[in-house]
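Here the UniProt record's numbering is used: the first residue of the sequence shown is 1, the next is one more, and so on.
Reviewing the structure listed below.
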Amino acid sequence: MQAIEHVVRLFLFEELPDPKRKKIVINLGCGYDPLPFQFISSTRDLHNVLYIDLDYPDLIAIKSRVISKTPGLHNLLKNPELHDPPVDNVHYRSSQYLAAGCDLRELDKLKHILMDGGLINNAALLFTAEVSLAYMDQDAVDALIAWTGTLPDARFSILEQCLPSGPSHPFARTMLKHFSNLSTPLKSIEAYPTLTDQVSRFASGGWQTVDTLDLLAFWSSLVTDSQRKHLESVEPFDEWEEFFIFCQHYFITHARTGGAHQQDPGPFRAEGIIWSGGDYYSHPDLRPSLMRARSSEESRIESGYIGEFTSFPLLRRWMGAAAECGDNRWVYHGGLGSSTRLGTSLLITEDGHKDSLKCPKEHPALNRRGPSARMCHTLTQLAPEKLLLVGGRASPDVPMSDVWIVESGHWRKVESLPWGRYRHCATAVGREKVLICGGKGDGNVVLDEWFLWNGDNGWKQLAVDEERKPSPRFGASLCWTDKGYGVLSGGIDDKGQVLGDMWRLEIIDDSKLIVKWSFVNLLSTRSLLRRFGAKAIYLEEGRLLIIGGVSGGAPIKTEDEVVEIHCEKLTLRGIDIVYREPREKLPFLIGHQVLPASAGMICVVGGGGVCFSFGGRFNEGIWALIPPDVELPTREWKVWEEGEVLQKKPKMIPPTNLDNEAESTGEEESLMAEIRRVTIKSQEDFWRIRDAGEPVVIEGLGIGECVEKWTPSYLKAAVGPERWVIVHTSQAKSMSFHAKNFSYKNMTFGDFMDAITSESSPENLYLRSLSSSSPKTDPAKLAQDFPSLAEDFTIPPELQFAKDHEHSSPLRISAKEVGMWLHFDVMANLLCHIRGTKRFKVYPPTDITKLSFPPSASSSTIENPFDPELEPDGVRPMETILRPGDVLFIPELWPHAAYPLEPCVAVNVFFKSLEHGYSSGKDVYGNRDLAAYEKGRTMVGRISKGFERLPSAARRFYMERLADELANMATDG
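Dropping the structure here:
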């Protein structure tokens, strides 16, 4: 970590009153850190310096052996000696380097190693701890800090995590959960969450001077422009919001006792440092005034908004573009999804009558023939039902210049920009006019041009007075008012600094941009504007809101994430949001979109981001900010994608008697084939069924006494009514994997069985058993997980192949009329039906492209596969009714779904029917894609990246030719 290296380097070159005194760098909890050897190699002209590595004895023993066997390390040292076994806790010793084994909680042992032999006597000391003491008990760390604070000429530098906005901040929640899941919780962070707490921690421990800054301050002020440009030349980078928030959640402290501190100011007090970002505290307090915290507490709107959340997994997107298109409808295009950039659109609707909304099949958001996949672009309303999409990017070094209009159900390409840009701002400035500014272009250049789109004339660059021109920026906020002027705020400039300025703009004759005046010197709380990635939305009467984003200083407090600017009164006030969700579920306001809705409501759509290596935190839905004095009727949000209803109230499907041909009338039912029923007498008969590769219901097999014995009361007694199981529960009758309209619930098996057999149960429940020993890593097997039931169930000799090649055998129990989502399995399987009757539907693998399966997903987005209204055109489904004793053979890759007509019990035997081709590694559910497909998707991604720099027409032309060639190969094979 460069911050620790900065501290060590300045210590090594610090001028001591006695230049002959030894300097010692003591690395506490060193792990396998090569820092001593980096400095020994790069500072060979420095003499009288000793590096000491301290960590657990077992680790130090391994590290010492590695050093002794690595010539590139061993040969750097003078008089090296490996001690195996260790001598007085020392495993490796040389003139410049020493490695000792010590549990740092054993303070007396540490004192013995450092002091009893005179090792550190009369030396200038620097203790370093890079994310190592965080895992120790707080009392042990405090004792260590207090003892080192008694040494006469000591310095202490610690780098670890902090919680500047508390544990409920989305990044903080994700970070804490990550370390907890690894069974390595951060043990001091609760007692010392903030930078001021760290300053107090050292000051109270006897340290005379203390400087604590977050890594954003280090990045903003101590990393040079040339270093930043070099990093960006190595790999294009654009995850600025996530990077800044990561830096705000890590700090570095430098403290020192007496000694020579009056002669040397220390690494963070040196002359010439200009603090320009992040957060910084010191003892005594010598911070510059600009680093002192500001807040909006003096001027707030306490009765601001009520925040209500509606979950839509489809909105797990960020850095896309969204706009209102009229009549309580909004379009969201592109953005970054779970694994890649997207080119699809979503239509979001709000309706006060839950059953009145019909699917607008011809809506522009649902037309696939539009812009390619992208992110960081803009979408602006030109007129009702008419939107303008501008720019965006593929990878950060591939900005896009294409421009599209969507109108009357169709995308059409219009005049492109002179050059590509992304992370720019766009706002409508009147009917059929859009103003854009800023952004990033080719070569990572931050742009400052202003362009105006006019429906009649296309793009025109506006003239701007150079003396009053806002500086180049990207990630800024821009909106237009009903008073004839616009407002520009924030963003990041071409030097990487976050801006806190604000400008009033006017356009003259569609040719010149006039900067009337700046708010920059008028607002005492303007630090609240120092943010980027925020979204602006105009309200009325000169008022606008700035929502979310990332600060260039201390992290934005939750209460300051939404601020109101009154452009007429020149006031800036924080707005209180009362969220109707626990604090641990608050939105992550980066990468989001903000849209106006009915009755003064404001919608925050999508957003979130990746929290370093700790995992992602995404909003996955809509946050509606509702004015407190507005009483809204019961409303329903819905999300549609590419012509498919993805959030729709499921219809009840009445039981269907497929054996009664007289009841099967109408065109839809006449196209429905019935799954063939057969009997078999030998393993060879089953081989022929498998070789044919089509589903069949096998009748007359003996699958054991389970068919007669497994009544609800028997199952409760055999399994045990007090045994805990994990079940799916939902308010909907049709569970959807993509809509996530279900949750997992722990309940006793007895309560579960009582609920599914009760006519009045308020929950829709379904059990798919998991491994009782290792549910996250091992597949379920009936014999191991339910031994008391195993002897009742038999795989008959005719199906011996399935038994010999068994992957898993989960128990399935479902309540009446609780349908499961349409999905396919990579392995063939036998559904052995034991109790109840169940409607079952399958599709041939050739229908896969018509059934709304997203790339790499084994589950369809069709919410209810038994609803005739949602049946795609051109598919060839097959159905049957399963009864006790039936065994349904489902070949691999056949999409299927079940609908119990009454409470049902079954055992599902998955088996490997292919000789080879399965992916290696964990496959708990038997639906991990074949190795060739997983490898192929990686190759497809590489192929797509190779076309990124081509114009969109050429890219589509050649990629569609490749797709056609691949399709022909599949057919020929």
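Using N, Cα and C, we set each Cβ at its ideal position, and we do this for glycine too.
Keep in mind it's a predicted model, so treat the numbers as computed, not measured.
Quick one, are the C-beta atoms of Ile120 and Gly205 less than 8 Å apart? Residue mapping note: residue 120 aligns to position 120 of the sequence shown, counting from 1. Residue mapping note: residue 205 aligns to position 205 of the sequence shown, counting from 1. No.
Taking the alpha carbon of Thr849 as the reference point, which residue from Tyr579, Ala624, Val875 has its own alpha carbon closest? The sequence position of residue 849 within the sequence shown is 849, counting from 1. Of the candidates Tyr579, Ala624, Val875, the one whose C-alpha sits nearest the C-alpha of Thr849 is Val875.
Name the two residues that bound the continuous beta strand (DSSP E) containing His83. On the sequence shown, position 83 is the one that residue 83 refers to. His83 -> beta strand (DSSP E) spans 81-87.
I need the boundaries of the beta strand (DSSP E) containing Gly304, first residue and last residue. Against the sequence shown, residue 304 aligns to sequence position 304. 300-311 is the extent of the beta strand (DSSP E) around Gly304.
Output the boundary residues of the alpha helix (DSSP H) element that contains Gln784. Within the sequence shown, the letter at position 784 stands for residue 784. From DSSP, the alpha helix (DSSP H) with Gln784 extends over 782-785.
Evaluate contact between the stretch 730-740 and the stretch 888-896, counting only Cβ atoms and requiring at least three cross-stretch pairs below 8 Å. The count of Cβ pairs closer than 8 Å, one atom from the stretch 730-740 and one from the stretch 888-896, stays below three, leaving the stretches out of contact.
Would you list the residues sitting across from Met747 in a DSSP beta bridge? Translated into positions along the sequence shown, residue 747 becomes position 747. The beta-bridge partner set that DSSP reports for Met747 consists of Val725.
Please report the residue range of the alpha helix (DSSP H) in which Met175 lies. Against the sequence shown, residue 175 aligns to sequence position 175. Per DSSP, the unbroken alpha helix (DSSP H) holding Met175 starts and ends at 170-181.
Mapping the DSSP letters down to three states, classify Leu388 as helix, strand or coil. Here residue 388 refers to the residue found at position 388 when the sequence shown is read from its first residue. Here Leu388 sits in strand by DSSP.
Indicate the three-state DSSP secondary structure (helix, strand or coil) for Leu10 in the structure shown. Looking up residue 10 in the sequence shown gives position 10. Leu10 falls in the helix class under three-state DSSP.
Going straight from the alpha carbon of Ser208 to that of Thr150, what length do you get? The residue labelled residue 208 in the question sits at position 208 within the sequence shown. The residue labelled residue 150 in the question sits at position 150 within the sequence shown. The identity of residue 208 in the sequence shown is Gln, whereas the question assumes Ser. Whole-angstrom Cα-Cα distance: 10 Å.
Apart from the five residues on each side of it in sequence, which residues of its chain come closer than 6 Å, Cβ to Cβ, to Val141? In the sequence shown, residue 141 corresponds to position 141, counting from 1. The residues are Leu133, Ser188.
Reducing DSSP to helix, strand and coil, say where Gln138 ends up. Residue mapping note: residue 138 aligns to position 138 of the sequence shown, counting from 1. Three-state DSSP puts Gln138 in a helix.
Quick check: what's the CA-CA separation for Leu901 versus Lys716? Translated into the one-based positions of the sequence shown, residue 901 becomes position 901. Translated into the one-based positions of the sequence shown, residue 716 becomes position 716. Those two C-alpha atoms are separated by around 22 Å.
For Trp687, does the count of other Cβ atoms within 10 angstroms reach 16, so buried, or fall short, so exposed? Position 687 of the sequence shown holds residue 687. Result: exposed.
Please list, in chain order, all residues of the same chain as Ala61 whose beta carbon is under 8 Å from its beta carbon, the five residues on each side excluded. In the sequence shown, the residue the question calls residue 61 occupies position 61. Closer than 8 Å at the Cβ level, and outside the excluded window around Ala61, lie Asp84, Pro86, His91, Gly101.
Mapping the DSSP letters down to three states, classify Ile556 as helix, strand or coil. On the sequence shown, position 556 is the one that residue 556 refers to. DSSP places Ile556 in coil when its eight states are reduced to three.
Euclidean distance between Cα positions of Met959 and Ser944: Locating residue 959 in the sequence shown gives position 959, counting from the first residue. Locating residue 944 in the sequence shown gives position 944, counting from the first residue. If you draw a straight line from the Cα of Met959 to the Cα of Ser944, it comes to about 8 Å.
Is the distance from the Cβ of Val719 to the Cβ of Met747 below 8 Å? Numbered from its first residue, the sequence shown carries residue 719 at position 719. Numbered from its first residue, the sequence shown carries residue 747 at position 747. No. Outside cutoff.
Give me whichever residues DSSP pairs with Cys904 in a beta bridge. Indexing the sequence shown from 1 puts residue 904 at position 904. Cys904 is bridged to Ser814.
Report the residue ranges of all alpha helix (DSSP H) runs contained in full by the stretch 752-792; include only those spanning at least 4 residues, in chain order. 782-785, 787-790
Does the count of Cβ pairs from the stretch 590-603 and the stretch 314-328 closer than 8 Å reach three? yes
Quick one: measure Cβ to Cβ for Val563 and Leu572, integer angstroms, because I've assumed they're closer than 8 Å. Position 563 of the sequence shown holds residue 563. Position 572 of the sequence shown holds residue 572. Right, the Cβ-Cβ distance comes to about 6 Å (below 8 Å), so this counts as a contact.
Chain-order list of residues whose beta-carbon lies under 6 Å from that of Ser664 (same chain, five-residue window excluded): Along the sequence shown, one-based indexing puts residue 664 at 664. The pLDDT assigned to Ser664 is 35, lower than 50, so where the model puts this residue is not dependable; a value taken from the coordinates is nonetheless given after this. Excluding sequence neighbours, Ser664 sits near nothing in its chain.
Can you give the Cα-Cα distance for Glu869 and Pro628, rounded to whole angstroms? Numbered from its first residue, the sequence shown carries residue 869 at position 869. Numbered from its first residue, the sequence shown carries residue 628 at position 628. Their Cα atoms are separated by approximately 39 Å.
Can we say the stretch 613-626 touches the stretch 301-310, given the rule of at least three CB pairs closer than 8 Å? yes
Where Ala732 sits in the DSSP three-state scheme: By 1-based counting over the sequence shown, the position of residue 732 is 732. Reduced to three states, the DSSP call for Ala732 is coil.
How far does the beta strand (DSSP E) with Tyr250 in it extend, from its first residue to its last? Start at 1 with the first residue of the sequence shown, and residue 250 comes out as number 250. Note, Tyr250: beta strand (DSSP E), 250-256.
Could you name the residues of the same chain whose beta carbon sits closer than 6 Å to that of Tyr97, not counting the 5 residues immediately before and after it, in chain order? Taking the sequence shown and counting its residues from 1, one reaches residue 97 at position 97. Answer for Tyr97: Pro36, Tyr51, Leu77, listed in chain order.
According to DSSP, is Val563 helix, strand or coil? Sequence index remark: in the sequence shown, residue 563 carries index 563 (1-based). Of the three classes helix, strand and coil, the one that applies to Val563 here is strand, per DSSP.
Where Cys247 sits in the DSSP three-state scheme: Walking along the sequence shown from the start, residue 247 turns up at place 247. In the structure shown, Cys247 sits in a helix (DSSP, three-state: H, G or I).
Expressed to the nearest angstrom, what Euclidean distance is found between the alpha-carbon atoms of Lys433 and Gly490? The sequence position of residue 433 within the sequence shown is 433, counting from 1. The sequence position of residue 490 within the sequence shown is 490, counting from 1. Each residue's alpha carbon lies about 23 Å from the other.
State yes or no: is the C-beta of Leu930 within less than 8 Å of the C-beta of Ser919? Here residue 930 refers to the residue found at position 930 when the sequence shown is read from its first residue. Here residue 919 refers to the residue found at position 919 when the sequence shown is read from its first residue. Taking 8 Å as the Cβ cut-off, Leu930 and Ser919 qualify as a contacting pair.
Counting beta carbon pairs with one atom in the stretch 811-829 and one in the stretch 878-887, are three or more of them shorter than 8 Å? no
Going by CA-CA distance only, name the one from Arg835, Glu684, Gly607 that's closest to Lys709. Your numbering for residue 709 matches position 709 in the sequence shown. With respect to the C-alpha of Lys709, the residue from Arg835, Glu684, Gly607 having the closest C-alpha is Arg835.
Inter-stretch contact at 8 Å, needing at least 3 Cβ pairs: the stretch 380-393 / the stretch 401-415: yes
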